[in-house]
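Novice:
In the working numbering, the protein residues as written are 785 to 1085.
1) Relative to the C-alpha of residue 969, which residue among 862, 921, 823 and 997 is closest?
2) Across the stretch 898-912 and the stretch 1034-1046, are there enough close Cβ pairs to call them in contact, namely three or more that are closer than 8 Å?
3) Which whole runs of the alpha helix (DSSP H) in the stretch 899-980 are 4 residues long or more, in chain order?
4) Measuring only the C-alpha atoms, how far is residue 881 from residue 947?
5) Straight-line CA distance for residue 859 to residue 981?
6) Please report the straight-line C-alpha distance between residue 921 and residue 1052, rounded to a whole angstrom.
7) Beta-carbon separation of residue 984 and residue 832 under 8 Å?
8) Would you mind stating whether residue 966 and residue 801 have Cβ atoms separated by less than 8 Å?
9) Under 6 Å Cβ to Cβ from residue 1001, same chain only, skipping five residues before and after it: list those, please.
10) Hey, how far is the Cα of residue 1060 from the Cα of residue 1044?
11) Taking all protein chains shown into account, do 16 or more other C-beta atoms lie within 10 angstroms of the C-beta of residue 824, making it buried, or fewer, making it exposed?
12) May I have the straight-line CA-CA distance separating residue 1048 from residue 1039, to the nearest angstrom?
13) On the criterion of 16 or more Cβ atoms from any shown chain inside 10 Å, does residue 836 qualify as buried, or is it exposed?
14) How is the alpha helix (DSSP H) around residue 872 delimited, first residue to last?
15) Given residue 1055, which residues of its chain have a CB within under 7 Å of its CB, disregarding the five upstream and five downstream residues?
16) Does the Cβ-Cβ distance between residue 868 and residue 977 come in under 8 Å?
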């Protein structure tokens, strides 16, 4: 595969992820956030299940154990917290704000790794954190009190996404069953969300049918398809290219928010989004650049 085609696949993945914020927001005209999240991820789990079963048949010497199931469930609960906070936050914030504020998980991940996993982050994490705070301040119009409940939920949501990123890599590697892990965590999220959703939120067949396009898009397109495109594209392109292209998810969220929902930002908000985006790019690219320079440096004798 050519690098151009691979980069195109990665850009499509970012586009699907960014546009999913619009679908998540519009779906709540018909369904409550818990019901929508539950149905969405049960569909995603059902879609991934055949591939997870095939993965098990290819690896008969690596069956799922009770210990794996317990760890997968814990990861699914972290995922549930992140996606539920995001979905509820979309009730009271814009798609544009949601895209950029959720994206700060990229900056928070190395900081959370230091606190939780005792992993020392790259030095760029500290200035990037300050730049992110500056971006949030501008996004609020220069007054953090102006951040609404939905914006605050998105920031807390980013903490859980960072924790999820810190946990999922190790679990996928140690279990050797990444597809089973995906299916399991989707099922946990779907069950954990739908059970209270059916009790607390009004649900009718007509509402489910009205939200069917959003459910289809967020479960199959921005979920299964987008992650598959990412996996394929990153095999054939440079990591630096992938980082930039995938980080454009926040920009696509803003674009689709403007095109489909008529959302607009003032000059300060645009500057805040730019700062957050630059911080996200820096955290992904600077460590790669530093490593490549060290690796290519000639040995001294």
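Yeah, the Cβ is synthetic: ideal placement off N, Cα and C, and Gly gets one too.
Specialist: Judging by the given coordinates:
1) Comparing Cα positions, the closest option is 862.
2) Verdict: no, contact absent.
3) Counting whole runs of 4 or more residues, the stretch 899-980 contains the alpha helix (DSSP H) stretches 909-923 and 933-959.
4) Between residue 881 and residue 947, the C-alpha separation is close to 21 Å.
5) Going by the C-alpha atoms only, they are around 21 Å apart.
6) When rounded, the distance between both Cα atoms is 9 Å.
7) No, Cβ-Cβ distance for residue 984 and residue 832 is not below 8 Å.
8) Taking C-beta atoms as the reference points, residue 966 and residue 801 fail to come closer than 8 Å.
9) Residues of the same chain with a CB within less than 6 Å of the CB of residue 1001, apart from the 5 flanking positions on each side, are 807 in chain order.
10) Between residue 1060 and residue 1044, the C-alpha separation is close to 23 Å.
11) Answer is buried; the Cβ neighbour count reaches 16.
12) Straight across, the Cα-Cα distance linking residue 1048 with residue 1039 is about 10 Å.
13) The residue is buried, with at least 16 neighbouring Cβ atoms inside 10 Å.
14) Counting along the chain, the alpha helix (DSSP H) containing residue 872 begins and ends at 850-873.
15) Excluding the 5 residues flanking it on each side, residue 1055 has same chain C-beta neighbours closer than 7 Å at 922, in chain order.
16) Yes, these two residues count as a Cβ contact at 8 Å.
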